[in-house]
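Colleague:
Protein chains: 2
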Amino acid sequence: MVSKLRQDITAKSKSAGGALGGLRMTRQRKLVYDVLLDERDHPTATEVFIRSKARMSSISLATVYNCLETLSAAGLVKQVNVGRDASRYCPNLAEHAHFVCVKCEKVYDIGLKCNEEVESVWALPEGSRIDHLEVAMKGLCAECNGGDKRSGKMEEQV
Amino acid sequence: MVSKLRQDITAKSKSAGGALGGLRMTRQRKLVYDVLLDERDHPTATEVFIRSKARMSSISLATVYNCLETLSAAGLVKQVNVGRDASRYCPNLAEHAHFVCVKCEKVYDIGLKCNEEVESVWALPEGSRIDHLEVAMKGLCAECNGGDKRSGKMEEQV
DNA sequence: TTGATATCAAGAATTATTCTAAATAAAGAT
DNA sequence: ATCTTTATTTAGAATAATTCTTGATATCAA
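Right, dumping it as structure tokens:
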């Protein structure tokens, strides 16, 4: 189902096939997905709604939530949570963490270093199955960190 | 201020000293902290409220939120966020991640492997300062994972 | 075209959390 | 011990993000 929807979206086909409950590629879902692809600044649902509404005035906030949920479940989009802030959405499917600057509030994607694995640093319990991992960081981005050029060490927080 | 409050709590002194706005060690703060220490199962604010109310019937939910906020700001307690669920609270100050079993809903603390550092795997942007990092995992814990004994590889999610 | 079903839209409802304002309690000074 | 000042508590109202509900609409397969 995941790849089915993606295939259909990227291929701009009209249908997601009848399989698995029959996900449909609707104008709204396509629009919401396009909005995310067009400006990859990790918008909130409301921001996506505003941008979507500019292109399709009839779309509703509830629909935007529905579409974001569907796209996330389908694996096309990632829901980004940092603390208790409103969820943000991101079409970057590569494994990455998120970093929010507490000053300018921009959200940055942080990629893995080459040949590294996130799991490698954690003492995961034997026998468990991890199928979702979310890494969120907060701090000052390079621009806002102005004077201090060192890539400072973290505080004790986890 | 952080260490001041901790010192006073652990020493069971009556005051947090006049420094830095004068944090006071009140019965409510002590109680909320004790509740967290007594049962380290990552309760939500409401759960902390229920447990606290059993020992001090006059305490209010707003106060519990206040205390949890104060204790977190003081560094005695960590606020744990996994996805959009209600925040949970944890008195474990060691660097660790959180793992929530999607079946039994238990929250586990995941420690770092020896000599590993979280930051080491991420390509952090030059010049930025990270001062908070939160790592949340979801999956099936060993018990709930029953049959499959492999510590399974993660899916693509981050 | 038509029937079955998925999806949409609008607004109500829910939930966690924060805010407000008056009452209370703590710490230091008298 | 009492007084004063200021932090904190309390209860309830307010807020904000998200989910739910329901009737209308769009889409797919036949």
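Residue numbers (our numbering), protein chains in the order written: chain A, 1 to 158; chain B, 159 to 316.
Just so it is clear, CB atoms sit at the ideal spot from N, CA and C, and this is done for glycine as well.
(1) Taking all protein chains shown into account, decide if N115/A is buried (16 or more other Cβ within 10 angstroms of its Cβ) or exposed.
(2) What residue range does the beta strand (DSSP E) around L76/A cover?
(3) Assuming C90/A and H42/A form a contact by the criterion Cβ under 8 angstroms, report the distance between their Cβ atoms to the nearest whole angstrom.
(4) Alpha carbon to alpha carbon, how far is T46/A from L31/A? Give it in angstroms, no decimals.
(5) Just to confirm, are N145/A and R209/B a CB contact at a threshold of 8 angstroms?
(6) Which residues in chain A sit within 7 angstroms of K271/B, going by Cβ to Cβ distance?
(7) In chain A, which residues lie less than 7 angstroms from A294/B when you measure between Cβ atoms?
(8) On a Cα-Cα basis, can you pick out the residue from E117/A, G83/A, V35/A, Y33/A that is closest to V279/B?
(9) What distance in whole Å lies between the Cβ atoms of V107/A and K138/A, which are believed to be in contact at a cut-off of 8 angstroms?
(10) Taking buried to mean at least 16 other C-beta atoms within 10 Å of its own C-beta, is R185/B buried or exposed?
(11) Would V222/B pass as a contact of A294/B if the rule is Cβ separation under 8 angstroms?
(12) Return helix, strand or coil for L37/A, following the three-state DSSP convention.
(13) Would you mind sorting A97/A into buried or exposed? The rule is 16 or more other CB atoms within 10 Å of its CB.
Modeller: This is what the structure gives:
(1) exposed
(2) L76/A -> no beta strand (DSSP E), and no H or E assigned at all.
(3) 5 angstroms
(4) 14 angstroms
(5) no
(6) V121, W122, A123
(7) E134
(8) E117/A
(9) Their Cβ separation, rounded to whole angstroms, is 10 angstroms, which puts K138/A and V107/A out of contact at 8 angstroms.
(10) exposed
(11) no
(12) helix
(13) buried
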